[in-house]
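Peer 1: Heads up: the sequence shown at position 197 corresponds to 196 in numbering that gives the first Met the number 0, and the numbers run straight through without jumps.
Backbone N, C-alpha and C define an ideal beta-carbon position, used for all residues, glycine too.
None of the values given here were measured: they were computed from a predicted structure.
Let me begin by handing over the structure; questions about it come next.
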Amino acid sequence: METETYTQIKTSVKHLLNIDLNHYKEEQMKRRLDSWLARSRASSWNDYFALLRENKDELEKFRNYLTINVTEFFRDPERWAALRRDILPRLLAETERDPQRRGALRVWSAGCSVGVEAYTLAILLEEVAPGKPHFLLASDLDRGALAKARAGGPYLAEETRNLTPEQRIRFLSPSAPFFVKPEVVRKVTFREQNLLNDPFESGFDLIVCRNVIIYFTNEAKTLLYRKFHQALRPGGVLFLGGTEIMPRPAELGFRNAGISFYMKE
Numbered sequence: 000m001e002t003e004t005y006t007q008i009k010t011s012v013k014h015l016l017n018i019d020l021n022h023y024k025e026e027q028m029k030r031r032l033d034s035w036l037a038r039s040r041a042s043s044w045n046d047y048f049a050l051l052r053e054n055k056d057e058l059e060k061f062r063n064y065l066t067i068n069v070t071e072f073f074r075d076p077e078r079w080a081a082l083r084r085d086i087l088p089r090l091l092a093e094t095e096r097d098p099q100r101r102g103a104l105r106v107w108s109a110g111c112s113v114g115v116e117a118y119t120l121a122i123l124l125e126e127v128a129p130g131k132p133h134f135l136l137a138s139d140l141d142r143g144a145l146a147k148a149r150a151g152g153p154y155l156a157e158e159t160r161n162l163t164p165e166q167r168i169r170f171l172s173p174s175a176p177f178f179v180k181p182e183v184v185r186k187v188t189f190r191e192q193n194l195l196n197d198p199f200e201s202g203f204d205l206i207v208c209r210n211v212i213i214y215f216t217n218e219a220k221t222l223l224y225r226k227f228h229q230a231l232r233p234g235g236v237l238f239l240g241g242t243e244i245m246p247r248p249a250e251l252g253f254r255n256a257g258i259s260f261y262m263k264e
């Protein structure tokens, strides 16, 4: 893809969808765009953007494609085990000492995709601190993904492979494709949000943003780390994906709290 063409695409995407492709890794995004244009069977990007201006359904499909939705319950099980074993007990103990909170956590799944990560958190919190009025926020830019998340599914069998048989029985519908049970769905507040442009809530004990930041430029990553830092309470924890390593965390106000975990100083 020529530089001039990509520049025009970025301008059109920003105008039509308010998504700034400058924040995404260029070569990776170019490959995704080339693949999408071939799939659309449009003869050129000019023709395709003309279609988008007339066809709201196609515009929504394109919007959803620009975000990446690969997920499963308890993805990277060893990291979730570390969260259960090493991180949550401290956070729960600290909030238990607060008479206004009494052990209820404020947790955010940032870039929640189709909801699997948010429901993983809901399951985990119900197992380690049942009955507490936890606040669990989940946000994403992809409206199609959010619609599926709010419906609690459906999720394929392979997306549930890390759940124990007991967890499947307790939290999911009886057979595939699986739906999360309504009482679990009600525990999560879903919201449309652009992580790079929109303001964040604050006072979170835990922010989970896994396998999202890897698609952004270094400048966009730094911006997000600073925004996450502001959104966490002192001692709160940011939980990143297995391949997402924060360089020089101390310069951003964090310290390492284990593989994939960063605590706000």
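(1) With burial defined as no fewer than 16 other Cβ atoms inside 10 Å of the residue's Cβ, what is the status of Ala146: buried or exposed?
(2) Unbroken alpha helix (DSSP H) runs of length 4 or more, entirely within the stretch 135 to 165: which are they?
(3) Return yes when the Cβ of Ala148 is within less than 7 Å of the Cβ of Val183, no when it is not.
(4) Look at the alpha carbon of Leu270 and the alpha carbon of Asp204, and state the distance between them as a whole number of angstroms.
(5) Pull up the DSSP beta-bridge partners for Phe253, would you.
(6) Report buried or exposed for Gln192, applying the criterion of at least 16 other Cβ atoms within 10 angstroms of its Cβ.
(7) Compute the Euclidean distance between the alpha carbons of Leu251 and Met262, then round it to the nearest angstrom.
(8) Since Ser34 is in the beta strand (DSSP E), which residue starts that stretch and which ends it?
(9) Which ranges does the alpha helix (DSSP H) cover as unbroken runs of at least 4 residues, wholly within the stretch 168 to 230, from first to last along the chain?
(10) Expressed to the nearest angstrom, what Euclidean distance is found between the alpha-carbon atoms of Asp85 and Thr242?
(11) Compute the distance between the beta-carbons of Glu158 and Glu71, then report whether it is under 7 Å.
(12) Please report the distance separating the alpha-carbon of Val9 from that of Glu53.
(13) Residue range of the beta strand (DSSP E) that Ser108 falls in?
(14) Since Ile206 contacts Ala230 with CB under 8 Å, what's their CB separation in whole angstroms?
(15) For Pro176 versus Leu155, is the C-beta distance shorter than 7 Å?
(16) Cα-Cα, which of Pro233, Glu218, Arg247, Lys226 is closest to Leu20?
(17) Thinking C-alpha only, which one of Glu116, Leu222, Val115, Ala128 is nearest Gly102?
(18) Going by the beta-carbon positions, is the gap between His22 and Thr216 smaller than 7 Å?
(19) Identify which residue in Arg185, Arg62, Asp197 has its Cα closest to the Cα of Glu125.
(20) Based on DSSP bridge pairs, tell me the residues matched to Phe238.
(21) Among Asn255, Phe199, Thr6, Arg160, whose alpha-carbon lies nearest the alpha-carbon of Gly110?
(22) Taking the alpha helix (DSSP H) that Ala92 falls in, what are its first and last residues?
(23) His14 lies in the alpha helix (DSSP H); which residues open and close that run?
(24) Since Phe238 and Met245 are thought to touch, with beta carbons under 8 Å apart, how far apart are those beta carbons, to the nearest angstrom?
(25) Pick helix, strand or coil for Pro132, following the three-state DSSP scheme.
(26) When burial is assigned at 16 or more other CB atoms within 10 Å of the CB, is Asp141 buried or exposed?
Peer 2: Let me spell this out:
(1) exposed
(2) 142 to 150
(3) no
(4) Residue 270 is absent from the model: the chain starts at 0 and stops at 264.
(5) Lys263
(6) buried
(7) 11 Å
(8) Run containing Ser34: none in the beta strand (DSSP E); it sits in the alpha helix (DSSP H), 25 to 39.
(9) 181 to 184, 217 to 230
(10) 20 Å
(11) yes
(12) Correcting the residue type first, residue 9 is Lys in the shown sequence and not Val. Distance between the alpha carbons of Lys9 and Glu53 is about 19 Å.
(13) 105 to 109
(14) 6 Å
(15) yes
(16) Glu218
(17) Ala128
(18) yes
(19) Arg185
(20) Val207, Phe260
(21) Phe199
(22) 87 to 95
(23) 2 to 16
(24) With a Cβ gap of about 11 Å, Phe238 and Met245 do not count as contacting.
(25) coil
(26) buried
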